[in-house]
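**Student:** Got a structure for you, written out below as structure tokens; questions coming shortly.
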Amino acid sequence: MKDRLQALEQEAFTSIRSIGDVEELKALRVRYLGKKGELTEILRGMKDVAPDERPVIGSLANDIRARLEEGISSREEELQEQALEIRLRHEQIDVTLPGKPQALGGIHPISAVIEQIEDIFVGMGFEVAEGPEVELDSYNFESLNIPKDHPARDMQDSFYVTPEILLRTHTSPVQVRTMEKKEGQVPVKIICPGKVYRRDDDDATHSHQFHQVEGLVVDRGIAMSELHGILAAFAEKLFGMELETRLRPSYFPFTEPSVEMDISCVQCGGQGCRMCKETGWIEILGAGMVHPRVLEGAGYDSERYTGFAFGMGPDRIALLKYGIDDIRHFYTNDLRFLRQFQSV
Ligand code: DAH
Numbered sequence: 006m007k008d009r010l011q012a013l014e015q016e017a018f019t020s021i022r023s024i025g026d027v028e029e030l031k032a033l034r035v036r037y038l039g040k041k042g043e044l045t046e047i048l049r050g051m052k053d054v055a056p057d058e059r060p061v062i063g064s065l066a067n068d069i070r071a072r073l074e075e076g077i078s079s080r081e082e083e084l085q086e087q088a089l090e091i092r093l094r095h096e097q098i099d100v101t102l103p104g105k106p107q108a109l110g111g112i113h114p115i116s117a118v119i120e121q122i123e124d125i126f127v128g129m130g131f132e133v134a135e136g137p138e139v140e141l142d143s144y145n146f147e148s149l150n151i152p153k154d155h156p157a158r159d160m161q162d163s164f165y166v167t168p169e170i171l172l173r174t175h176t177s178p179v180q181v182r183t184m185e186k187k188e189g190q191v192p193v194k195i196i197c198p199g200k201v202y203r204r205d206d207d208d209a210t211h212s213h214q215f216h217q218v219e220g221l222v223v224d225r226g227i228a229m230s231e232l233h234g235i236l237a238a239f240a241e242k243l244f245g246m247e248l249e250t251r252l253r254p255s256y257f258p259f260t261e262p263s264v265e266m267d268i269s270c271v272q273c274g275g276q277g278c279r280m281c282k283e284t285g286w287i288e289i290l291g292a293g294m295v296h297p298r299v300l301e302g303a304g305y306d307s308e309r310y311t312g313f314a315f316g317m318g319p320d321r322i323a324l325l326k327y328g329i330d331d332i333r334h335f336y337t338n339d340l341r342f343l344r345q346f347q348s349v
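Residues 6 to 349 in the numbering used here are what the sequence shown lists, from first letter to last.
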């Protein structure tokens with residue numbers, strides 16, 4: 006029995022030393038020291054041992070158990086240390102390696118133009134206002150002096166959600182929403198950039214979704230001269246050059262009188278070229294003196310206050326500014342196109 010015990014110890018130690026994995030080591034502990042393990046198995050034969058030898062065998066068995074326990078735990082520690090060392094070696098960071106370059110996006114040319122427009126007007130004391138893209142018919146048309154049967158509705162073919170709700174066709178409703186919020190207070194001096202929607206077929210110059218920046222100034226004694234002065238100064242800042250500007254009579258239901266503002270062609274300086282269709286002028290916005298009916302409807306006394314409003318299209322301005330010939334480029338997310346504006 007003594008021999009069997011000693012053989013078992015030797016065999017167990019050989020295995021312990023050759024094991025390279027903590028899990029296997031656990032299995033080995035069970036195999037030798039578990040309830041149904043080999044040591045227990047051998048000790049079952051104790052009854053056949055002569056009574057005076059039993060204490061010797063018993064204490065030998067205990068010693069072996071203790072040595073095996075000890076051997077297994079120290080091997081376990083060893084293995085854990087080795088595993089840690091391997092992990093650390095793998096996780097080592099070589100700080101001298103070149104970094105991975107981060108792919109940087111750019112600002113979309115239309116967003117860039119909107120930001121430039123905002124900066125210029127904020128510099129002139131305007132605030133930036135916002136309004137909903139899903140709008141009530143009453144704000145989009147009615148309160149802007151465009152009743153249901155008005156022919157001007159044909160100019161802005163609309164996406165209706167219900168008979169009373171639509172995707173806004175312009176940012177002008179924000180004029181009315183802002184005046185209502187201000188409850189008759191002056192001055193009102195806002196611009197409102199945002200998306201607008203029209204039921205147009207997409208082509209080089211039309212998109213069913215595009216952008217507008219609306220502007221509104223209301224105060225005592227505002228005249229057409231303020232409109233022209235502010236918008237001319239704006240245009241020169243936006244294009245970064247000296248420009249001629251002219252106002253042409255036009256028609257919008259919510260302004261009276263209404264105008265369109267042209268700037269001298271940014272490409273040829275007014276000589277005539279393809280961009281300005283040989284006229285020397287380029288139209289960049291619609292504007293006018295706020296119609297008394299619009300002021301009154303939004304809670305402003307049109308005898309005391311006057312104002313001007315304007316609306317422009319950043320998409321069109323971006324086309325002009327960057328010499329792009331098709332508005333669809335802005336909406337097709339072609340990286341070859343967008344990458345050209347990374348530094349704008
Ligand atoms: N809302 C007009 C449009 O979509 C643009 C516009 C013209 C806005 C004149 C104005 C304005 O505020 O005074 O065509």
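Glycine is no exception: its CB is placed at the ideal position from the N, C-alpha and C atoms.
From which residue to which residue does the beta strand (DSSP E) around Gln-217 run?
**Tutor:** Taken as a continuous stretch (DSSP letters only), the beta strand (DSSP E) holding Gln-217 covers 214–224.
**Student:** Under three-state DSSP, which class holds Ala-292?
**Tutor:** Residue state, collapsed to three classes: strand.
**Student:** Could I get the ranges of all uninterrupted alpha helix (DSSP H) runs contained in the region 119–201, with 4 residues as the minimum, in chain order?
**Tutor:** With a minimum length of 4 residues, the continuous alpha helix (DSSP H) runs that stay inside the region 119–201 are 142–145 and 178–187.
**Student:** Give the range of the beta strand (DSSP E) segment to which Met-317 is assigned.
**Tutor:** Annotation for Met-317: the continuous beta strand (DSSP E) segment containing it runs 311–317.
**Student:** Please report the residue range of the alpha helix (DSSP H) in which Glu-83 lies.
**Tutor:** 59–96
**Student:** At a cut-off of 8 Å, is Phe-131 close to ligand 1 when judged by its beta-carbon and the heavy atoms of the ligand?
**Tutor:** no
**Student:** Taking all protein chains shown into account, decide if Met-3 is buried (16 or more other Cβ within 10 angstroms of its Cβ) or exposed.
**Tutor:** In the structure as shown, the chain starts at 6 and stops at 349, and residue 3 therefore has no counterpart that could be examined.
**Student:** Mind checking which residues open and close the alpha helix (DSSP H) that includes Tyr-305?
**Tutor:** From DSSP, Tyr-305 is part of no alpha helix (DSSP H); its letter is neither H nor E.
**Student:** Kindly indicate which three-state DSSP category Pro-262 falls into: helix, strand or coil?
**Tutor:** Three-state result, Pro-262: strand.
**Student:** Excluding the 5 residues preceding and the 5 following Ala-240 in the sequence, name in chain order all residues of the same chain whose CB lies nearer than 8 Å to its CB.
**Tutor:** Leu-248, Thr-250, Met-266, Ile-268 and Ile-289
**Student:** Which of helix, strand or coil does DSSP assign to Pro-106?
**Tutor:** coil
**Student:** Using only the heavy atoms of ligand 1, determine whether one of them is closer than 8 Å to the beta carbon of Glu-219.
**Tutor:** Yes; taking the cut-off as 8 Å, the Cβ of Glu-219 has a heavy atom of ligand 1 nearer than that.
**Student:** Roughly how many whole angstroms lie between the Cα atoms of Tyr-144 and Ala-117?
**Tutor:** 28 Å
**Student:** Are Leu-102 and Glu-140 touching if we call contact CB-CB under 9 Å?
**Tutor:** no
**Student:** With 16 as the cutoff for other CB atoms within 10 Å, does Thr-210 come out buried or exposed?
**Tutor:** exposed
**Student:** Quick check on Ser-116: does DSSP put it in helix, strand or coil?
**Tutor:** helix
**Student:** Within a Cβ cutoff of 6 Å, which residues of the same chain sit near Ile-322, ignoring the five residues on either side of it in sequence?
**Tutor:** Val-118
**Student:** Would the C-beta of Leu-340 count as close to ligand 3, meaning under 8 Å from any of its heavy atoms?
**Tutor:** Looking for ligand 3 in the displayed structure turns up nothing; the ligands present are ligand 1.
**Student:** Could you pull the DSSP bridge partners for Asp-99 from this structure?
**Tutor:** Its beta-bridge partners do not exist; DSSP assigns none.
**Student:** Which word fits Ser-177, buried or exposed, when buried means at least 16 other C-beta atoms lie within 10 angstroms of its C-beta?
**Tutor:** So Ser-177 counts as buried.
**Student:** So does the region 272–285 actually touch the region 193–209, counting three or more Cβ pairs closer than 8 Å?
**Tutor:** no
**Student:** Put Arg-253 into one of helix, strand or coil per three-state DSSP.
**Tutor:** Under the three-state reduction of DSSP output, Arg-253 falls in the strand class.
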